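Here is the structure we will look at.
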Amino acid sequence: MPDPSSIRSGEQATAFAAPPDRPAISVRRLLRTNAFRLAALYFALFATSALGLLVFIYFSVAGFIEVQTEATLDADLTGLAEQYEQRGIAGLVQIIGERSRGERNDETLYLITDPLSRKLAGNLSVWPKAETIRPGWIRFPVETKRGTLTETHPAIGNTFVLPGGFRLLVGRDLRDAAAFRSRITQTLTWAAIATLGLGIVGGFLMTRNMLRRVETVNRTSARIIHGDLGQRVPLNGSGDEFDQLAGNLNLMLDQIERLMAGMRQVTDNIAHDLRTPLARLRARLEVTLLEKPDAERYGEALTETIAEADQLLVTFNALLSIAEAEAGSRRDTMAVVDLGEIAASVAELYEPVADEKGLILAVSTGQGVKVRGDRHLLSQAIANLLDNAMKYTPQGSVTLSTSQQGETARLEVADSGPGIPAERREAVFDRFVRLEGSRSTPGNGLGLSLVRAVAKLHGGAVWAEGNDPGLRVVFTLPAAAA
Ligand SMILES: Nc1ncnc2c1ncn2[C@@H]1O[C@H](COP(=O)(O)OP(=O)(O)OP(=O)(O)O)[C@@H](O)[C@H]1O
Ligand SMILES: [Mg+2]
1 MPDPSSIRSG EQATAFAAPP DRPAISVRRL LRTNAFRLAA LYFALFATSA LGLLVFIYFS
61 VAGFIEVQTE ATLDADLTGL AEQYEQRGIA GLVQIIGERS RGERNDETLY LITDPLSRKL
121 AGNLSVWPKA ETIRPGWIRF PVETKRGTLT ETHPAIGNTF VLPGGFRLLV GRDLRDAAAF
181 RSRITQTLTW AAIATLGLGI VGGFLMTRNM LRRVETVNRT SARIIHGDLG QRVPLNGSGD
241 EFDQLAGNLN LMLDQIERLM AGMRQVTDNI AHDLRTPLAR LRARLEVTLL EKPDAERYGE
301 ALTETIAEAD QLLVTFNALL SIAEAEAGSR RDTMAVVDLG EIAASVAELY EPVADEKGLI
361 LAVSTGQGVK VRGDRHLLSQ AIANLLDNAM KYTPQGSVTL STSQQGETAR LEVADSGPGI
421 PAERREAVFD RFVRLEGSRS TPGNGLGLSL VRAVAKLHGG AVWAEGNDPG LRVVFTLPAA
481 AA
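The opening residue of the sequence shown carries number 1 in this note's numbering; numbering runs sequentially from there.
As C-alpha cells, then:
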C-alpha cells in the first residue's frame, strides 16, 4: 500500500492543479478566459450602439443645416420673384445690384446674366462651373478674398431661366455650415475615441479584477490539493457573490477538515485498541506451534483463539459504533422518535435476563417524550446501560424510567448494586476503563463510552450518580418540539 501522504501530494495532483504560487495573470491567459469574452461581447454591443448614436446625431445635425439653408434661399427667392413680377427684369437687376454692393460679407450669393451670359448684377463675377444636385439646384465652389488670401468654399444655389434668356442664380456660401459640420465631426470623433478607450480600459480592469478573485480561489484549492488542508480562501469583506462563494467554500473546508480529523482519530483508535489483543492472539498461536506437536493441545489452542477472535470482533464492533456516533455521520438521518417507546422495547429484551438472575426490573416510561435522534444508536445506548445494571447488580432491583423536564428529555437507569465510588464516576466513561471489582465479569470497558458518544451526538449529556445503595446513570437530551 502506498504511503498516504505520497498520494495527497503526488503527481496526479499536479496534473490538474495550478502550482500554488502563480504570478500575475498573463495577457494571453486573460484573452482566453470567459470573463474576458463576456466583457468583450458587452463592449462590442456597447460600442456599436454608442457609435450608432453618434452617427445618428451627425446626420440629424447635418440634415438640419441643409434644410435651414434651403429654407432661407427659398424665402429670398420668393421675395425676388415678387419684385420681378412687379418691376420686370430691370427692377430685378437693380435690387440684386443693391444687395450685392460693397464687400461680399454676407453669405448670400447673387448673379443675374443676359442671354449672352454676361453679368448684369450680383456678387459673383461669372456663372460658376456647377454640379447639379437636382433640377434647379446646384453645388459649386466659391472664392472669397480675405486680405491677400483667397479661400475656396462650397456653396449651393438655385437657378432660374427667365423669359428672354436671362438667367438668375441665388446661392449661399456654405463656409459656416462646413465649419460647423467639421466641428461636429471632430467632436463626435473624440467622443467615439473616448468611448472606445474607456470601454477597453474599463473592460480590461473589470475582467482582471474578476480573474484575480477567481485566481485566489484557484490558488487556495491548489494548495489544499497539495496537502495543506488548513488553507482558507481569503475574503475581502465586501460581502459580494465572490465573498459569499469564498465563505461557503471555507465552511465546506472546515466541515471536511473536521470529518477528516474524526476519521483519522477513529482509524488511529481502532488500530491502537486492536493491536494489543491481536498481538496476544498471535503470540498464543506462536507459542503453541513451538510446543511438541499434540492434537489435543492444538485443539485447545484453536478453541481459545476462536473465542479470542470473537471477543476481538465484539470490541471491533463496539469501537465502530462509537466511531460512528462520534463522527456524526448519522446526524443527517435523525428523525423524531419516542424515547419512552424505545426504552420500553429495549427493556423487554432484558426481562428474561432479569428473571434468570432473580432481579426485579421496573420500567416506568410514559409515552410522549419525543426527541430528535437515531433510533438504532439510542437503543444501543439504553441496552448498554441496562446491561451494566444487570451485570453488576448481584441482587435487588433495576429501574428504568423516562420523563420530560421542560426542554429536556431524561432517561435514568438505577440499580441497587455496589455502585461506583464518586471519584471514579467520570473515568468509567473513557474507553477500556473497567473497575477493579468488575474484572471477573466479561466486558471490554466500551459500553459507557458508546453511551457518552451517543449523548454527545444528540446534543445531550450522560453522567453517573450515587443511588444509596447502587448507581444511577442519567442520560439527557434535548426534547423535540411537539
Ligand atoms: N451499574 C454499574 N454498577 C457498578 N459498576 C458499574 C456499573 N456500570 C458500569 N460500571 C463500571 O464501569 C465500568 C465500565 O463500564 P462499561 O459499560 O463502559 O464497560 P463494561 O461493562 O466493563 O464492558 P462492556 O460494556 O464493554 O461490555 C465497568 O467495568 C464497571 O466497573
Ligand atoms: Mg458495560
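Yeah, the Cβ is synthetic: ideal placement off N, Cα and C, and Gly gets one too.
Remember, it's a predicted structure, so these values are computed and weren't measured experimentally.
Checklist line | Separation of V142 from P128, as counted between CA atoms | finding: Indexing the sequence shown from 1 puts residue 128 at position 128. Indexing the sequence shown from 1 puts residue 142 at position 142. Distance between the alpha carbons of P128 and V142: 8 Å.
Margin query: For a test of the three-state rule: what should DSSP assign to G299, helix, strand or coil?
Written below: Locating residue 299 in the sequence shown gives position 299, counting from the first residue. Of the three classes helix, strand and coil, the one that applies to G299 here is helix, per DSSP.
Next item on the list: Could you name the residues that DSSP lists as bridge partners for F242?
Entry: Taking the sequence shown and counting its residues from 1, one reaches residue 242 at position 242. In the DSSP output, where bridge partners are listed per residue, F242 has none listed.
Check: With respect to 7 Å, is the separation between the Cβ of G459 and the closest non-hydrogen atom of ligand 2 below this value?
Finding: Counting from 1 along the sequence shown, the entry for residue 459 is found at position 459. No, the Cβ of G459 stays beyond 7 Å of every heavy atom of ligand 2.
Note to self: Is there a Cβ of chain B sitting closer than 8 Å to that of I256, yes or no?
What the structure shows: Note that chain B does not occur in the displayed structure, where there is just one protein chain.
Check: Rounded C-beta distance between N158 and G136? I'm assuming under 8 Å.
Finding: Numbered from its first residue, the sequence shown carries residue 158 at position 158. Numbered from its first residue, the sequence shown carries residue 136 at position 136. Yes, N158 and G136 are in contact; Cβ-Cβ is about 6 Å, under 8 Å.
Note to self: Given 7 Å as the limit, tell me if G443 has its C-beta closer than that to any heavy atom belonging to ligand 1.
What the structure shows: Within the sequence shown, residue 443 is the residue found at index 443, counting from 1. Because some heavy atom of ligand 1 lies under 7 Å away, the Cβ of G443 counts as near it: yes.
Check: D468 to I420, Cα distance in whole Å?
Finding: To locate residue 468, count along the sequence shown from 1; it is residue 468. To locate residue 420, count along the sequence shown from 1; it is residue 420. Approximately 11 Å between the Cα atoms of the pair.
Note to self: Rounding to the nearest angstrom, what Cα-Cα distance links F16 and Q231 in this structure?
What the structure shows: Numbered from its first residue, the sequence shown carries residue 16 at position 16. Numbered from its first residue, the sequence shown carries residue 231 at position 231. Low per-residue confidence applies at F16: pLDDT is 45, beneath 50, and the placement is therefore not dependable, though the value from the model is reported in the following sentence. Taking the straight line joining both Cα atoms gives about 18 Å.
Note to self: According to DSSP, is P128 part of a helix, a strand, or is it coil?
What the structure shows: On the sequence shown, residue 128 is found 128 positions in, with the first residue counted as 1. The answer is coil: DSSP assigns P128 none of H, G, I, E or B.
Check: Is the CB-CB distance between G459 and L448 below 8 Å?
Finding: Working through the sequence shown from its first residue, we reach residue 459 at position 459. Working through the sequence shown from its first residue, we reach residue 448 at position 448. Contact: no.
Item checked: R32 versus F43 - alpha carbon distance -> Residue 32 sits at position 32 when you count from the first residue of the sequence shown. Residue 43 sits at position 43 when you count from the first residue of the sequence shown. Each residue's alpha carbon lies about 16 Å from the other.
Check: Nearest-angstrom Cα distance between E324 and A261?
Finding: As a working note, residue 324 is residue 324 in the sequence shown. As a working note, residue 261 is residue 261 in the sequence shown. When rounded, the distance between both Cα atoms is 13 Å.
Notebook entry, point to check: If we ignore side chains and look at the alpha-carbon of each, how far apart do T144 and I184 end up?
Noted result: What you label residue 144 is simply residue 144 of the sequence shown in a count that begins at 1. What you label residue 184 is simply residue 184 of the sequence shown in a count that begins at 1. In a straight line, the C-alpha of T144 is about 24 Å away from that of I184.
Next item on the list: Could you round the C-beta distance between L361 and V413 to whole angstroms and report it? I think they count as a contact, below 8 Å.
Entry: Translated into positions along the sequence shown, residue 361 becomes position 361. Translated into positions along the sequence shown, residue 413 becomes position 413. Actually they do not touch by this definition, with Cβ atoms about 10 Å apart.
Notebook entry, point to check: Hey, out of S182, Y392, I224, Q86, whose CA is closest to S438's CA?
Noted result: Taking the first residue of the sequence shown as position 1, residue 438 is located at position 438. Of the listed residues, the one whose Cα sits closest to S438 is Y392.
Check: A479 and Q367: beta carbons closer than 8 Å?
Finding: Taking the sequence shown and counting its residues from 1, the one referred to as residue 479 is at position 479. Taking the sequence shown and counting its residues from 1, the one referred to as residue 367 is at position 367. Contact flag unset, no.
Check: Going by the beta-carbon positions, is the gap between I322 and L450 smaller than 8 Å?
Finding: On the sequence shown, position 322 is the one that residue 322 refers to. On the sequence shown, position 450 is the one that residue 450 refers to. Taking 8 Å as the Cβ cut-off, I322 and L450 qualify as a contacting pair.
Margin query: Helix, strand or coil, according to DSSP, for R118 in the structure here?
Written below: In the sequence shown, counting from the first residue as 1, residue 118 sits at position 118. R118: coil per DSSP, three-state reduction.
Margin query: Can you tell me where the beta strand (DSSP E) holding R439 begins and where it ends?
Written below: Against the sequence shown, residue 439 aligns to sequence position 439. Taken as a continuous stretch (DSSP letters only), R439 belongs to no beta strand (DSSP E), as it is neither H nor E.
Next item on the list: Within 10 angstroms of the Cβ of L349, are there 16 or more other Cβ atoms? Answer buried if so, exposed if not.
Entry: The count along the sequence shown starts at 1 and reaches residue 349 at position 349. So L349 counts as exposed.
Next item on the list: Specify the secondary structure class of L169 as computed by DSSP and reduced to three states.
Entry: Residue numbering aside, residue 169 sits at position 169 when the sequence shown is read from its first letter. Reduced to three states, the DSSP call for L169 is strand.
Item checked: Through-space distance from L109 to Q94, alpha-carbon basis -> As a working mapping, residue 94 is identified with position 94 in the sequence shown. As a working mapping, residue 109 is identified with position 109 in the sequence shown. Computed Cα separation, rounded: 15 Å.
Notebook entry, point to check: Who pairs with S397 in a beta bridge, going by DSSP?
Noted result: Working through the sequence shown from its first residue, we reach residue 397 at position 397. In DSSP, S397 forms a bridge with I360.
Next item on the list: Tell me whether G470 counts as near ligand 2, meaning its Cβ is closer than 7 Å to at least one heavy atom of that ligand.
Entry: If you number the sequence shown from 1, residue 470 lands on position 470. Outside the cutoff, so no.
Next item on the list: Measure the Cβ-Cβ separation of D430 and A389 and say whether it is below 8 Å.
Entry: The residue given as residue 430 occupies position 430 in the sequence shown. The residue given as residue 389 occupies position 389 in the sequence shown. Cβ atoms of D430 and A389: not closer than 8 Å.
Check: For ligand 1, is there a heavy atom less than 7 Å away from the beta-carbon of K391?
Finding: The residue you call residue 391 lines up with position 391 of the sequence shown. Correct: K391 has its Cβ closer than 7 Å to ligand 1.
Check: Say the cut is 7 Å; is the CB of I306 nearer than that to a heavy atom of ligand 1?
Finding: Reading the sequence shown from its first residue, position 306 is the one you call residue 306. False, no ligand heavy atom lies under 7 Å from that Cβ.
Note to self: I need the DSSP call for Q367, collapsed to helix, strand or coil.
What the structure shows: Residue numbering aside, residue 367 sits at position 367 when the sequence shown is read from its first letter. In the structure shown, Q367 sits in coil (DSSP, three-state: anything other than H, G, I, E or B).
Check: Around the C-beta of L452, are 16 or more other C-beta atoms found within 10 angstroms, so that it is buried, or is it exposed?
Finding: Taking the first residue of the sequence shown as 1, we reach residue 452 at position 452. Looking at the sequence provided, one finds Arg at residue 452 rather than Leu. So R452 counts as buried.
Next item on the list: Could you name each continuous alpha helix (DSSP H) segment of 4 residues or more that falls completely within the region 30 to 77, going from the start of the chain to the end?
Entry: none
Checklist line | Inter-residue Cα distance where the pair is E257 and L235 | finding: Within the sequence shown, residue 257 is the residue found at index 257, counting from 1. Within the sequence shown, residue 235 is the residue found at index 235, counting from 1. Taking the straight line joining both Cα atoms gives about 19 Å.
Item checked: Any non-hydrogen atom of ligand 2 within 7 Å of G447 CB -> Against the sequence shown, residue 447 aligns to sequence position 447. Indeed, a heavy atom of ligand 2 lies less than 7 Å from the Cβ.
Check: Along the chain, where does the beta strand (DSSP E) that runs through N388 open and close?
Finding: Stepping through the sequence shown from its first residue, residue 388 is reached at position 388. Here N388 belongs to no beta strand (DSSP E); instead the alpha helix (DSSP H) covers 375 to 392.
Next item on the list: Grab me the residues of V161's own chain with a C-beta within less than 7 Å of its C-beta, minus the 5 sequence neighbours each way, in chain order.
Entry: Taking the sequence shown and counting its residues from 1, the one referred to as residue 161 is at position 161. Answer for V161: R167, listed in chain order.
Item checked: N-terminal and C-terminal residue of the alpha helix (DSSP H) that A191 is part of -> Taking the first residue of the sequence shown as 1, we reach residue 191 at position 191. Here the alpha helix (DSSP H) through A191 covers 175 to 225.
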